[in-house]
Amino acid sequence: MSGSTAGRVGGRVTPIGAASAGGVDPQIERIARSPEFQQLVSERTRFSWILTGLMLVVYFGFIGLIAFDKSVMAIKVGGATASLGLFLGVFVILFAFLLTGIYVARANTRFDALSDDLKRRVGR
Amino acid sequence: MIRHASLLLGLTLAAIAATAAYAAGPDLGAVQQSSTNWPAIGMFLFFVLATLGITYKAAKGTKSAADFYAAGGGISAGTNALAIAGDYMSAASFLGISGLVYTSGFDGLIYSTGFLVGWPIVLFLIAERLRNLGKFTFADVASFRLDQTAIRIISATGTLVVVAFYLIAQMVGAGKLIQLLFGLPYLYAVIIVGVLMIVYVAFGGMKATTWVQVIKACLLLGGATFMAGAVLYFYGFNPEILFKKAVEVHPKGEAIMAPGGLVSNPIEAISLGVGLMFGTAGLPHILMRFFTVSDAQAARKSVFYATGLIGYFYILTFIIGFGGIALLMSDPSYFKLGAAGTFDKLKDMVGGTNMVAVNLANAVGGPYFLGFISAVAFATILAVVAGLTLAGASAVSHDLYAQVFARGRTSEAAEVRLSKIAAVVIGIVAIVLGYIFENQNVAFMVGLAFSVAASCNFPVLAMSILWRGTTTWGALAGGLVGLVAAVTMVVLSKAVWVTTFGHPAALFPYDNPALFSMPLAFATIFVVSLMDRSRRAQRERAAFEAQYVRSETGIGAAGAHAH
Chain A
1 MSGSTAGRVG
11 GRVTPIGAAS
21 AGGVDPQIER
31 IARSPEFQQL
41 VSERTRFSWI
51 LTGLMLVVYF
61 GFIGLIAFDK
71 SVMAIKVGGA
81 TASLGLFLGV
91 FVILFAFLLT
101 GIYVARANTR
111 FDALSDDLKR
121 RVGR
Chain B
1 MIRHASLLLG
11 LTLAAIAATA
21 AYAAGPDLGA
31 VQQSSTNWPA
41 IGMFLFFVLA
51 TLGITYKAAK
61 GTKSAADFYA
71 AGGGISAGTN
81 ALAIAGDYMS
91 AASFLGISGL
101 VYTSGFDGLI
111 YSTGFLVGWP
121 IVLFLIAERL
131 RNLGKFTFAD
141 VASFRLDQTA
151 IRIISATGTL
161 VVVAFYLIAQ
171 MVGAGKLIQL
181 LFGLPYLYAV
191 IIVGVLMIVY
201 VAFGGMKATT
211 WVQVIKACLL
221 LGGATFMAGA
231 VLYFYGFNPE
241 ILFKKAVEVH
251 PKGEAIMAPG
261 GLVSNPIEAI
271 SLGVGLMFGT
281 AGLPHILMRF
291 FTVSDAQAAR
301 KSVFYATGLI
311 GYFYILTFII
321 GFGGIALLMS
331 DPSYFKLGAA
341 GTFDKLKDMV
351 GGTNMVAVNL
361 ANAVGGPYFL
371 GFISAVAFAT
381 ILAVVAGLTL
391 AGASAVSHDL
401 YAQVFARGRT
411 SEAAEVRLSK
421 IAAVVIGIVA
431 IVLGYIFENQ
441 NVAFMVGLAF
451 SVAASCNFPV
461 LAMSILWRGT
471 TTWGALAGGL
481 VGLVAAVTMV
491 VLSKAVWVTT
501 FGHPAALFPY
511 DNPALFSMPL
521 AFATIFVVSL
531 MDRSRRAQRE
541 RAAFEAQYVR
551 SETGIGAAGA
561 HAH
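Residue numbers (our numbering), protein chains in the order written: chain A, 1 to 124; chain B, 1 to 563.
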């Protein structure tokens with residue numbers, strides 16, 4: 001993986017998005033530096049990673065319980081036939097749906113408002 | 001017209017009970033051809049005629065490349081959600097998971113949850129950015145600021161490998177299912193599926209494919225809802241009574257309410273989970289669906305609705321599996337009886353345990369509902385293979401031909417024409433592969449498709465969008481390492497090394513490689529990108545800013561007219 005020869009393979013320079021070959025588009029620069037953009041990105045990034053983390057913890061927690069402690073999953077809930085594992089499995093499914101709902105609700109209100117502010121400011 | 005000796009059937013079913021455990025994606029195994037089922041064929045013909053009519057209409061409205069690959073970007077969020085669900089809910093998950101619930105109870109839930117939990121990840125990290133950056137394929141996004149040639153080659157390779165494995169599993173499943181449900185010979189079935197998918201994709205492009213998936217999703221959700229509703233109706237809409245009855249009649253008794261043999265090794269369990277979860281976020285035919293909506297808002301809403309529909313569907317399959325236990329197990333007419341009228345409740349079901357949902361349809365709705373569910377199962381396969389074919393054809397025409405071979409110097413019309421030719425070729429290859437693999441165990445192939453998607457497509461896509469430091473060399477090396485590692489580990493695992501090649505012991509101890517191959521791909525992208533000191537790498541890091549602004553805001557995004 002010698003980096004020194006890497007640059008020439010492929011050879012072709014492709015114009016990228018709004019950026020010209022010489023440097024970064026001043027318009028892009030202006031948006032990236034604006035407080036609205038910074039706020040939108042930091043809020044949304046934090047929010048999505050928190051939700052991603054929650055999903056990972058819940059799902060791998062469920063798988064972990066199955067893998068490491070089957071007896072917990074077999075516990076009968078309230079003396080009935082349905083086991084704790086069954087409730088947890090259905091819970092994982094509902095939880096996944098609920099998380100996507102929470103994200104969409106937040107994005108439809110807060111993030112879209114921030115994004116609209118930004119677009120107004122940069123004069124689109 | 002019995003094509004398989006019943007001894008073989010019994011052996012295969014026993015093998016499925018043992019191997020379906022770890023291979024992600026339960027399959028259909030060996031089956032016997034039954035007598036011709038005319039109500040099912042009639043209903044299926046009706047479906048085919050309706051979808052061909054839609055294809056004809058879609059073909060007339062498909063003129064530009066955007067029409068062909070992305071249905072002109074004019075699909076609504078609700079429609080796209082149904083199409084995503086139609087693309088994702090395969091016959092294997094409908095019949096296979098209800099069959100797994102029937103034999104092992106709780107263990108079926110492990111697949112149901114695994115197939116669902118990838119969707120929140122798609123929403124939080126991928127969907128909106130994908131829509132903001134791309135046009136037709138996920139390679140558009142991965143190569144946004146990286147080298148077109150290198151990144152499109154690795155993305156298209158990842159796409160074609162995933163499509164190939166997924167398609168083989170679907171074709172073989174389709175052949176067996178149709179043999180069983182409609183009483184048609186295997187080869188006819190494979191040819192019918194192949195020809196129809198060519199017609200949908202080559203003539204109707206994304207518009208026809210979308211509507212085939214939407215209709216199929218409605219039929220499948222409707223049919224499964226009716227079946228689960230009927231089961232609950234029998235037990236006074238009280239699941240507790242259903243579970244009690246199931247525990248009473250099931251040979252494993254109380255054990256069906258707890259985890260059984262499916263997950264015995266913790267590493268295996270986690271690896272399966274990683275593959276299912278992140279594989280979903282790397283499936284090319286699913287990622288393509290996000291370019292059919294007008295903007296990021298619509299992409300976001302479509303994942304939310306789709307997650308609801310798919311989650312609902314998996315809960316239904318669970319009820320259907322338990323309904324199968326409670327309603328079929330004590331009725332000898334659904335079993336092949338041995339001497340003295342005895343039968344094994346787990347192994348002797350007519351058509352095999354994957355036919356639980358189909359037999360249950362007969363039990364709750366009679367022969368016409370059985371025909372309906374059979375037709376739905378066929379339609380389900382068609383919708384999935386059409387989505388796969390379109391994704392494969394797009395990788396060939398839009399990524400390999402237009403960007404790599406013609407270096408961007410081609411016309412839209414030529415690109416679309418090539419895409420149609422590619423769809424025909426992929427269809428023919430799928431028919432041939434379906435024929436070749438008729439008697440092979442393909443249970444591992446859906447799992448392999450998910451593993452490759454999680455280990456090649458997903459890391460390349462995620463790193464190019466999310467990390468400024470990613471360079472072409474990094475993405476290329478990481479994608480290649482992930483792809484090769486995932487395929488090699490599966491080949492050396494028990495499912496292929498021992499079962500297919502007949503070696504005495506597996507060289508790789510786990511059946512699911514994703515826990516190892518995916519981090520390996522991410523680490524390779526990271527390390528190689530860090531080491532990359534080329535001029536191009538510097539340019540690529542500098543170009544992240546522009547990509548970042550567009551991916552986060554949609555400013556400058558293709559076809560975003562809705563603002």
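We put the CB at the ideal spot given by N, CA and C, even for glycine.
At a cut-off of 7 Å between beta-carbon atoms, residue 113 of chain B makes contact with chain A. In the same chain as residue 221 of chain B, and ignoring 5 residues on each side of it, the C-beta atoms closer than 7 Å to its own belong to 309, 313, in chain order. Close CB contacts of residue 143 of chain B within its chain, under the 6 Å cut and outside five residues either way in sequence, are with 151, 152 (chain order).
Interface annotation, residue 104 of chain A: in contact with chain B, CB-CB separation under 7 Å.
Residue 412 of chain B sits away from residue 58 of chain B, with the two beta carbons spaced by 7 Å or more. Using a Cβ-Cβ cut-off of 7 Å, residue 553 of chain B counts as an interface residue toward chain A, since at least one Cβ of chain A sits closer than that to its own.
When the beta-carbon positions are compared, residue 118 of chain B and residue 224 of chain B stay at least 7 Å from each other. Contact of residue 117 of chain A with chain B by beta-carbon distance below 7 Å is absent, the smallest such distance being about 11 Å. When C-alpha distances from residue 506 of chain B are compared across B/436, B/149, B/490, the shortest belongs to B/490.
Under the three-state reduction of DSSP, residue 76 of chain A is assigned to strand. Bounds of the alpha helix (DSSP H) holding residue 151 of chain B are 148 to 182.
DSSP places residue 310 of chain B in the helix class (H, G or I) of the three-state scheme. Its chain contains 303 as the residues whose beta carbon lies nearer than 6 Å to that of residue 123 of chain B, once the 5 sequence neighbours on both sides are disregarded; these appear in chain order. Counting every other CB atom within 10 Å of its CB across the protein chains shown gives residue 200 of chain B a total of 16 or more, marking it as buried.
The C-alpha of residue 339 of chain B is placed about 51 Å away from the C-alpha of residue 81 of chain B. A direct Cα-to-Cα measurement between residue 247 of chain B and residue 253 of chain B gives close to 5 Å. In the structure shown, the three-state DSSP call for residue 424 of chain B is helix.
Secondary-structure assignment with DSSP links residue 75 of chain B through a beta bridge to B/293. Cβ neighbours of residue 384 of chain B within its own chain (closer than 7 Å, five residues either side excluded): 87, 90, 170. Per DSSP, the unbroken alpha helix (DSSP H) holding residue 97 of chain A starts and ends at 84 to 106. Residue 423 of chain B counts as buried, since no fewer than 16 other beta carbons sit within 10 angstroms of its beta carbon. Contacts with chain B at 7 Å (Cβ-Cβ) do not include residue 113 of chain A. In the assembly as shown, residue 516 of chain B is a buried residue. Its beta-carbon has 16 or more other beta-carbons within 10 Å. Contact of residue 42 of chain A with chain B is not assigned, every C-beta pair being separated by 7 Å or more. Taking every protein chain shown into account, the CB of residue 512 of chain B has 16 or more other CB atoms within 10 angstroms, so this residue is buried.
A distance below 6 Å between beta-carbons, with the five flanking residues on each side excluded, links residue 251 of chain B to the following residues of its chain, in chain order: 345. According to the DSSP assignment, residue 545 of chain B belongs to the alpha helix (DSSP H) that extends over 544 to 553. Annotated as distal: residue 399 of chain B and residue 83 of chain B, with beta-carbon spacing of 7 Å or more.
The criterion of a C-beta distance shorter than 7 Å is not satisfied by residue 172 of chain B and residue 527 of chain B. At a beta-carbon threshold of 7 Å, the residues of chain B lying near residue 100 of chain A are 119, 120, 123, 303, 304, 307, ordered along the chain. Around the Cβ of residue 39 of chain A, a 10 Å sphere holds fewer than 16 other Cβ atoms; the residue is exposed. Looking at the DSSP output, residue 335 of chain B bridges to B/349.
Secondary structure in the region 409 to 484 of chain B: the alpha helix (DSSP H) runs of 4 residues or longer, each lying completely within the stretch, are 412 to 436, 443 to 452, 458 to 466 in chain order. Against chain A, the CB of residue 259 of chain B has a partner CB under 7 Å away; the residue lies at that interface. Residue 504 of chain B does not reach chain A, its nearest Cβ partner there being about 27 Å away, counting only Cβ pairs nearer than 7 Å. Of the residues assessed, residue 240 of chain B falls on the exposed side of the cut-off, its CB having fewer than 16 other CB atoms within 10 angstroms.
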